[in-house]
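Participant:
Numbering (our numbering), first residue to last: 859 to 1177.
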């Protein structure tokens, strides 16, 4: 019963220094539909490589000892086998996703509200929103809270455009939204917004950027991340499969693969998934945001081998 003295207000810290209302908001998001964001640097990627000239006083010499020729030969065979597997995987990847790899950002979301009566083409988007010409967002949590914050972000972006005749920098827009969310954690009579965001944006200073924010007002930049249900599983899959030279087409496939592993549903189709990309137009150099139509989502799922099979297909195989 002790915690009940502190969890009804956002302005009171518990003896352990916790704000229970904020923690409850974070917990509510862990039950929301999954949203995955992946930044695809494309050909401009510059993976980190350690310099051969660098020195480290604590470095350990891990070169194999020449005193044991059998050990060195085994390690050599192992490294050659690993290189061969990596080369085969690279060839297969380039067959499926031909070069050159284009840069962009992918947002893919699990759609919770599914009904045959929904008009798919009009106004049925509940997870992905166009904020500005250079920013799209994915939301996980309460849709009513998300709609309010999306309207606020759109107004902020349009005011900046009207005042300075240029699109608002992505991080500045994220900061403004997070300032509002943080304010709702420190005033009496208010509750935190029960929604987390993924922002995919582009500006001339920092090019493509992917940010995540939570109800507390925190935000952070990512190469690939996930919010919502089963986010720990999704993060593990992203750490395993993400590469610094991934292109936009491969990023779409990776996002759909992650959703297929994290969603409760056994089959994927356009009724259960929303998909959007932010790419750079090759001629103008301006960002181009695209929210996929249902038939385009089905085509992407079919390409990745994740499309829902026809009902009669499984029954035919059974004698």
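For glycine and all other residues, C-beta sits at the position ideal for the given N, C-alpha and C.
Exposed or buried, what is residue 910 when buried is set at 16 or more other beta-carbons lying within 10 Å of its beta-carbon?
Facilitator: For the purposes of this step, residue 910 is identified with residue 52 of the chain shown, where counting begins at 1. Only weak support is given to the placement of residue 910: the predicted model assigns it a pLDDT of 45, under 50, and the value that follows is read from those uncertain coordinates. By the 10 Å Cβ count, residue 910 comes out exposed.
Participant: Excluding the 5 residues preceding and the 5 following residue 880 in the sequence, name in chain order all residues of the same chain whose CB lies nearer than 8 Å to its CB.
Facilitator: Here the question's residue 880 lines up with position 22 in the chain shown. Answer for residue 880: 868, 1043, 1050, 1073, 1074, listed in chain order.
Participant: Which residues in the same chain as residue 1145 place their Cβ atom closer than 7 Å to its Cβ, once the five residues preceding and following it in sequence are excluded?
Facilitator: Within the chain shown, residue 1145 is the residue found at index 287, counting from 1. Once the five neighbours on either side are set aside, the close Cβ partners of residue 1145 are 991, 992, 1060, 1136, 1138.
Participant: Once you ignore the five residues that flank residue 1107 on each side, which residues in its own chain have a CB closer than 8 Å to its CB?
Facilitator: Residue 1107 sits at position 249 when you count from the first residue of the chain shown. Same-chain partners within the cutoff: 955, 959, 960.
Participant: Could you spell out where the beta strand (DSSP E) holding residue 990 opens and where it closes?
Facilitator: Position 132 of the chain shown holds residue 990. Its beta strand (DSSP E) spans residues 986 to 990.
Participant: Can you list, in chain order, the residues of its chain whose CB lies under 6 Å from that of residue 1004, leaving out five sequence neighbours each side?
Facilitator: Within the chain shown, numbered from 1, the residue matching residue 1004 stands at position 146. 997, 1053, listed in sequence order.
Participant: Identify whether residue 968 lies in helix, strand or coil by the three-state DSSP scheme.
Facilitator: The residue given as residue 968 occupies position 110 in the chain shown. In this structure, residue 968 counts as strand in the three-state DSSP scheme.
Participant: Apart from the five residues on each side of it in sequence, which residues of its chain come closer than 7 Å, Cβ to Cβ, to residue 999?
Facilitator: To locate residue 999, count along the chain shown from 1; it is residue 141. Cβ neighbours of residue 999 beyond the five flanking positions: 886, 887, 890, 1052, 1053, 1054.
Participant: Which residue from 1105, 895, 1159 puts its Cα closest to that of residue 1079?
Facilitator: The residue labelled residue 1079 in the question sits at position 221 within the chain shown. Residue 895 is the option with its Cα nearest to residue 1079.
Participant: Exposed or buried, what is residue 1037 when buried is set at 16 or more other beta-carbons lying within 10 Å of its beta-carbon?
Facilitator: The residue you call residue 1037 lines up with position 179 of the chain shown. It counts as exposed.
Participant: Indicate the three-state DSSP secondary structure (helix, strand or coil) for residue 1060 in the structure shown.
Facilitator: Translated into positions along the chain shown, residue 1060 becomes position 202. Reduced to three states, the DSSP call for residue 1060 is strand.
Participant: If the criterion is Cβ atoms closer than 9 Å, does the pair residue 1083 and residue 1068 meet it?
Facilitator: Locating residue 1083 in the chain shown gives position 225, counting from the first residue. Locating residue 1068 in the chain shown gives position 210, counting from the first residue. It is a contact, given that the beta carbons lie within the stated cut-off.
Participant: Could you please give the first and the last residue of the uninterrupted beta strand (DSSP E) stretch that includes residue 1149?
Facilitator: As a first step, residue 1149 must be located in the chain shown, where it is residue number 291. Taken as a continuous stretch (DSSP letters only), the beta strand (DSSP E) holding residue 1149 covers 1145 to 1149.
Participant: When you compare the CB positions of residue 986 and residue 1149, do they come within less than 9 Å of one another, or not?
Facilitator: Within the chain shown, residue 986 is the residue found at index 128, counting from 1. Within the chain shown, residue 1149 is the residue found at index 291, counting from 1. Cβ distance < 9 Å, so residue 986 and residue 1149 count as in contact.
Participant: Report the residue ranges of all alpha helix (DSSP H) runs contained in full by the region 1011 to 1069; include only those spanning at least 4 residues, in chain order.
Facilitator: With a minimum length of 4 residues, the continuous alpha helix (DSSP H) runs that stay inside the region 1011 to 1069 are 1028 to 1041.
Participant: Can you give me the C-alpha to C-alpha distance between residue 1127 and residue 1076, rounded to a whole angstrom?
Facilitator: Position 269 of the chain shown, counted from the start, is the residue given in the question as residue 1127. Position 218 of the chain shown, counted from the start, is the residue given in the question as residue 1076. Whole-angstrom Cα-Cα distance: 33 Å.
Participant: Here's the rule: buried if 16 or more other CB atoms are within 10 angstroms of the residue's CB, otherwise exposed. What is residue 914?
Facilitator: Position 56 of the chain shown holds residue 914. Confidence at residue 914 is low in this model, with a pLDDT of 43, below 50, so the placement of that residue is unreliable and no value is reported for it.
Participant: May I ask you to list the residues that DSSP assigns as paired with residue 1132?
Facilitator: Within the chain shown, the letter at position 274 stands for residue 1132. According to DSSP, which records beta bridges pairwise, residue 1132 is partnered with 967.
Participant: Once the 5 residues before and after residue 975 are set aside, which same chain residues still bring their CB inside 6 Å of it?
Facilitator: For the purposes of this step, residue 975 is identified with residue 117 of the chain shown, where counting begins at 1. So the list is empty, once near-sequence residues are dropped.
Participant: Go ahead and label residue 1046 buried or exposed: buried means 16 or more other beta carbons lie within 10 angstroms of its beta carbon, across all protein chains shown.
Facilitator: In the chain shown, the residue the question calls residue 1046 occupies position 188. With fewer than 16 other Cβ atoms within 10 Å, it is exposed.
Participant: For residue 1163, count the other beta carbons within 10 Å of its own beta carbon; 16 or more makes it buried, fewer makes it exposed. Which is it?
Facilitator: Reading the chain shown from its first residue, position 305 is the one you call residue 1163. Per the 10 Å Cβ criterion, exposed.
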